[in-house]
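There are 2 protein chains.
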Amino acid sequence: MLIVHKYGGTSVGSLERIESVATRVAKAKDQGNDLIVVVSAMSGETNKLIGYAEHFSQNPSKREMDMLLSSGERVTAALLAIALQEKGYDAIAMSGRQAGIKTDSTHTYARISSIDPTLMKNEIKAGKIIVVAGFQGINEDGSVTTLGRGGSDLSAVAIAGAMSADACEIYSDVDGIYTTDPRVEPKAKKMDFVSYDEMLELASLGAKVLQNRSVELAKKLKVKIVAKSSFSDAEGTVIGEEKKDMEAVLVSGIALDRNQARVTIREVADRPGIAAEIFTALADEQINVDMIIQNASSDGTTNLGFTVPQNEINRAKSVIEGFDHDIGSMDFDDSVCKVSVVGVGMKSHSGVAATAFTALAKENINIEMISTSEIKISMIIAEKYAELAVRTLHDVYKLDV
Amino acid sequence: MLIVHKYGGTSVGSLERIESVATRVAKAKDQGNDLIVVVSAMSGETNKLIGYAEHFSQNPSKREMDMLLSSGERVTAALLAIALQEKGYDAIAMSGRQAGIKTDSTHTYARISSIDPTLMKNEIKAGKIIVVAGFQGINEDGSVTTLGRGGSDLSAVAIAGAMSADACEIYSDVDGIYTTDPRVEPKAKKMDFVSYDEMLELASLGAKVLQNRSVELAKKLKVKIVAKSSFSDAEGTVIGEEKKDMEAVLVSGIALDRNQARVTIREVADRPGIAAEIFTALADEQINVDMIIQNASSDGTTNLGFTVPQNEINRAKSVIEGFDHDIGSMDFDDSVCKVSVVGVGMKSHSGVAATAFTALAKENINIEMISTSEIKISMIIAEKYAELAVRTLHDVYKLDV
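Protein chains in written order, with the working numbering: chain A, 1 to 401; chain B, 1 to 401.
Below you can see the structure in the form of structure tokens.
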């Protein structure tokens, strides 16, 4: 089997940890696998380099930031290859460029445009373990680019896709994806399997494991991801294509997002395009709107509700104040949170939503906003009820069983 | 004018120093010059990375070491470019690869095979200041290579050659080349000019400024080097082609090499090839032989003398013991030093050597070995006389005038 391993900053955060990553990789090789290992910078290194750059400029050139930051992953890649060689394994370190990763020119947040796996294929054929510096590629000009937050995961998934690897194992300091946050609900269980779509909706549960961008790419390239811990031998969670027999499982997990603020705009002039104008204005200010709810209109006006990250609420206010001739009143609440019930099984079971509403009502938790997709029901509630709501929903769907 | 600046590790050893390098570069740009700046890693960085590698292996793979070590220069290049941009200058950072530096595959000590200056020419034409990560290039496979000790100087000289730059200014913490070591002879004077050949022979005087490899390359490419201090505005020393009117100057400087041990082999069998056998055996053990003296033979045997670095004397002994059937006796002395008188003017003045011998004799300094080249007279003397010999010779040739 050809397996891609990816180790994040914490997993390679010290020389001792790099050593133990080498041991883990060696073991996988001994089991007869071909291996490509993608590594992040040692934890703390990237922040140190950012600090250096900020000494000179509050707004450093993104092209030069990419050249600066890409050095951290190269250091780890070289060190891990050396550690493997010392153990007697034939290993070779590669930069993103050498691994054939081509990107567009959006420095600091580049998108992978293609991978030329020729060199990697040759080295695998020669029996070598390849260690790739994650998070980076080069653009058409040959300048170094980086892929943004979670970029090493993206490198790993893209390489797994280009090399038709059997699995892409993402190692971090958590051992998989849980039915909900174990700090909130100690009865949370690690899932053996979660589908790409569920994982995307459960983003907050997987935030420490991998970013949605990587899940989307894995879905597109049909790369099987395994989220595992680099500190244990636990099995981990497989993230893959939805299985036919999964219909039995209605709900997979409960996600919680505390970083939500609610905005309600009342008596919005019910003329075509007004909502578009408001959200365009918000987007122009780089405000990230999450849920949007618009009630059916009556008496010529409508109410519009949406949520934004809590630290963007003041900027959102300023934008909306610019529309004061088009709206009646505004109402803000930054002490709310979003609780979501996720599961591919709920597509065909309308009862899932009713179960959630009933369970929360029993606890006297008022639901301020509701938004549903095919596999998710999200509810905005007062933040003080966050933990209670999570535990209640986890319990009512019997996720601990 | 197109000028290449090169800043060593001490000159970019902290963020504050990088800032002051930026100021110096900006000033040169303001004076109407086009600029390419070659930088080393921040002092201490390279040793830190070597320490990391040694944690894993006492003999790490050279290819991976190159990938590891090349990251330090990239960091400096990116930071300096950011500092220049912040001052309002259009600057662009380049790795060795982006600067078009191709090398052979001798990892950790690669030789530059060619430079493709296309990208640099375009950026200079666009008015940009180019900041190049020194010490590195890529080989035919696209693997990163490094150029060995003094590699950033080599990068700078090679770039200056490929770009037909008007000068290559090498900045360090000393302000030029002196007639002798000022710590030994306080009357030592900074030279305004020294020829390539003299500089090669004065290697020990320029050791902190630039390696002979760079001087040789500069001579080959006819690159004018200026050795300057990055901590002052002093004029520096020009290293260039021998001038016609230089014949007036007999002696340029006095070099001292304390790291010498003398080996004398007596009654060497005078058969063809015996010297070759001995020196081949020494070379096979990586022992660096410096001076070699063989006296004309008499009575069927000859005496052979040579010097090696002091810390290699024991290994040299072992090698020579293998020849005990071919030699009479051996004699070792590791308390010697080499004093050299250098000057292109001495080519046509035989009296220069006599002056040196006479001056040392007057001080009762016994000369154990003598070796001469066209522009140098080297003498091995007891190490305890090192300073006295340097001062005596500096004085007799009136180098302080």
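Beta carbons: idealized from backbone N, C-alpha and C, even for Gly.
Cβ-based contacts, 8 Å cut-off: residues of the region 2-21 of chain A near chain B
15, 18 and 19
Could you give the residue range of the beta strand (DSSP E) that holds residue 266 of chain A?
Numbered from its first residue, the first sequence carries residue 266 of chain A at position 266. Segment 253-269, the beta strand (DSSP E) holding residue 266 of chain A.
Anything in chain A within Cβ reach of residue 277 of chain B, meaning under 9 Å, just list it in chain order.
Locating residue 277 of chain B in the second sequence gives position 277, counting from the first residue. Residues of chain A passing the Cβ test: none, with the nearest at roughly 36 Å.
To which residues does DSSP link residue 294 of chain B through a beta bridge?
As a first step, residue 294 of chain B is located in the second sequence; it is residue number 294 there, counting from the start. Partner(s): B:304.
Consult DSSP for residue 58 of chain B and reduce its assignment to one of helix, strand or coil.
Within the second sequence, residue 58 of chain B is the residue found at index 58, counting from 1. Residue 58 of chain B falls in the coil class under three-state DSSP.
Beta-carbon proximity of residue 189 of chain B to residue 395 of chain B, cut-off 7 Å
On the second sequence, residue 189 of chain B is found 189 positions in, with the first residue counted as 1. On the second sequence, residue 395 of chain B is found 395 positions in, with the first residue counted as 1. No, the Cβ-Cβ distance between residue 189 of chain B and residue 395 of chain B is not below 7 Å.
What do you get for residue 13 of chain A, buried or exposed, if any count of 16 or more other CB atoms within 10 angstroms of its CB means buried?
For the purposes of this step, residue 13 of chain A is taken as the residue at position 13 of the first sequence. Looking at its Cβ environment, which holds 16 or more other Cβ atoms inside 10 Å, residue 13 of chain A is buried.
At a Cβ threshold of 7 Å, is residue 56 of chain B touching chain A?
As a working mapping, residue 56 of chain B is identified with position 56 in the second sequence. So, interface residue.
On the premise that residue 241 of chain B lies in contact with residue 220 of chain B, defined as a C-beta separation below 8 Å, what is that separation, rounded to the nearest angstrom?
Counting from one through the second sequence, the residue named residue 220 of chain B turns up at place 220. Counting from one through the second sequence, the residue named residue 241 of chain B turns up at place 241. About 11 Å separates the two Cβ atoms, so there is no contact after all.
Under the three-state reduction of DSSP, which class applies to residue 127 of chain A: helix, strand or coil?
On the first sequence, residue 127 of chain A is found 127 positions in, with the first residue counted as 1. Here residue 127 of chain A sits in coil by DSSP.
With 16 other Cβ atoms within 10 Å as the buried cut-off, status of residue 272 of chain A:
Stepping through the first sequence from its first residue, residue 272 of chain A is reached at position 272. Per the 10 Å Cβ criterion, exposed.
Where residue 279 of chain A falls: helix, strand or coil (DSSP):
For the purposes of this step, residue 279 of chain A is identified with residue 279 of the first sequence, where counting begins at 1. Helix.
Between the CA atoms of residue 106 of chain B and residue 93 of chain A - distance to the nearest angstrom
For the purposes of this step, residue 93 of chain A is taken as the residue at position 93 of the first sequence. For the purposes of this step, residue 106 of chain B is taken as the residue at position 106 of the second sequence. So the alpha carbons of these two residues sit roughly 17 Å apart.
Contacting positions in the region 94-127 of chain B - beta carbon closer than 9 Å to chain A:
94, 95, 97, 98 and 119
Check residue 52 of chain A in the structure and name its three-state DSSP category.
For the purposes of this step, residue 52 of chain A is identified with residue 52 of the first sequence, where counting begins at 1. Helix, per DSSP.
Among B:160, B:41 and B:91, the one whose alpha carbon lies nearest that of residue 22 of chain B
Mapped onto the second sequence, residue 22 of chain B falls at position 22. The shortest C-alpha separation from residue 22 of chain B is found at B:91.
What residues from the region 139-162 of chain B come within 9 Å of chain A, judged by C-beta to C-beta, listed N to C?
141, 142, 143 and 144
For residue 119 of chain A, the nearest candidate out of A:28, A:53, A:162 and A:225 (CA to CA)
As a working note, residue 119 of chain A is residue 119 in the first sequence. With distances taken between Cα atoms, residue 119 of chain A lies closest to A:162.
For residue 397 of chain B and residue 74 of chain A, what's the separation of their Cα atoms in angstroms?
Numbered from 1 along the second sequence, position 397 holds the residue referred to as residue 397 of chain B. Numbered from 1 along the first sequence, position 74 holds the residue referred to as residue 74 of chain A. Straight-line Cα distance between these residues: approximately 53 Å.
Alpha carbons only, please: which of B:140, B:159 and B:135 is nearest the one belonging to residue 148 of chain B?
Within the second sequence, numbered from 1, the residue matching residue 148 of chain B stands at position 148. Answer by Cα proximity: B:135.
Taking Cβ positions, are residue 226 of chain B and residue 165 of chain B nearer each other than 7 Å?
In the second sequence, counting from the first residue as 1, residue 226 of chain B sits at position 226. In the second sequence, counting from the first residue as 1, residue 165 of chain B sits at position 165. Their beta carbons are not under 7 Å apart, which means residue 226 of chain B does not touch residue 165 of chain B by this criterion.
Between the region 127-147 of chain B and the region 382-395 of chain A, do at least 3 Cβ pairs fall closer than 8 Å?
no
By the criterion of Cβ-Cβ separation under 7 Å, what are the contact partners of residue 86 of chain B in chain A?
Walking along the second sequence from the start, residue 86 of chain B turns up at place 86. Residues of chain A passing the Cβ test: 56 and 57.
Per DSSP, residue 330 of chain A is paired with what?
Locating residue 330 of chain A in the first sequence gives position 330, where the first residue counts as 1. Paired residues: A:265.
Short of 8 Å Cβ to Cβ, which residues in the region 33-64 of chain A face chain B?
49, 52, 53, 55, 56, 57, 60, 61, 63 and 64
Do you know offhand how far residue 203 of chain A's Cα is from residue 35 of chain A's?
For the purposes of this step, residue 203 of chain A is taken as residue 203 along the first sequence, with counting starting at 1. For the purposes of this step, residue 35 of chain A is taken as residue 35 along the first sequence, with counting starting at 1. Roughly 28 Å separates the two Cα atoms.
Expressed to the nearest angstrom, what Euclidean distance is found between the alpha-carbon atoms of residue 349 of chain A and residue 87 of chain A?
Residue 349 of chain A sits at position 349 when you count from the first residue of the first sequence. Residue 87 of chain A sits at position 87 when you count from the first residue of the first sequence. Rounded to the nearest angstrom, the two C-alpha atoms are 54 Å apart.
When DSSP labels each residue in this structure, what does residue 107 of chain B get in the three-state scheme?
Mapped onto the second sequence, residue 107 of chain B falls at position 107. Coil.
Could you check if residue 277 of chain A is buried or exposed, using at least 16 other CB atoms within 10 Å of its CB as the buried criterion?
Along the first sequence, one-based indexing puts residue 277 of chain A at 277. Result: exposed.
With distances taken between CB atoms, is the gap from residue 131 of chain A to residue 81 of chain A smaller than 7 Å?
The sequence position of residue 131 of chain A within the first sequence is 131, counting from 1. The sequence position of residue 81 of chain A within the first sequence is 81, counting from 1. Going by C-beta atoms, residue 131 of chain A is nearer than 7 Å to residue 81 of chain A.
Are the CB atoms of residue 270 of chain B and residue 237 of chain B within a distance shorter than 7 Å?
On the second sequence, residue 237 of chain B is found 237 positions in, with the first residue counted as 1. On the second sequence, residue 270 of chain B is found 270 positions in, with the first residue counted as 1. No, the Cβ-Cβ distance between residue 237 of chain B and residue 270 of chain B is not below 7 Å.
Going straight from the alpha carbon of residue 169 of chain B to that of residue 376 of chain B, what length do you get?
The residue labelled residue 169 of chain B in the question sits at position 169 within the second sequence. The residue labelled residue 376 of chain B in the question sits at position 376 within the second sequence. Approximately 26 Å, taken between the alpha carbons.
So for residue 237 of chain A, helix, strand or coil by DSSP?
Reading the first sequence from its first residue, position 237 is the one you call residue 237 of chain A. DSSP places residue 237 of chain A in strand when its eight states are reduced to three.
Quick one, which of B:78, B:193, B:211 and B:305 has its alpha-carbon nearest residue 64 of chain A's?
As a first step, residue 64 of chain A is located in the first sequence; it is residue number 64 there, counting from the start. Nearest of B:78, B:193, B:211 and B:305 to residue 64 of chain A, Cα basis: B:78.
With contact counted as at least three CB pairs below 8 Å, one residue from each stretch, are the region 181-199 of chain B and the region 38-48 of chain B in contact?
no
Any chain A beta carbon closer than 7 Å to residue 82 of chain B
Position 82 of the second sequence holds residue 82 of chain B. Yes, its Cβ sits closer than 7 Å to a Cβ of chain A.
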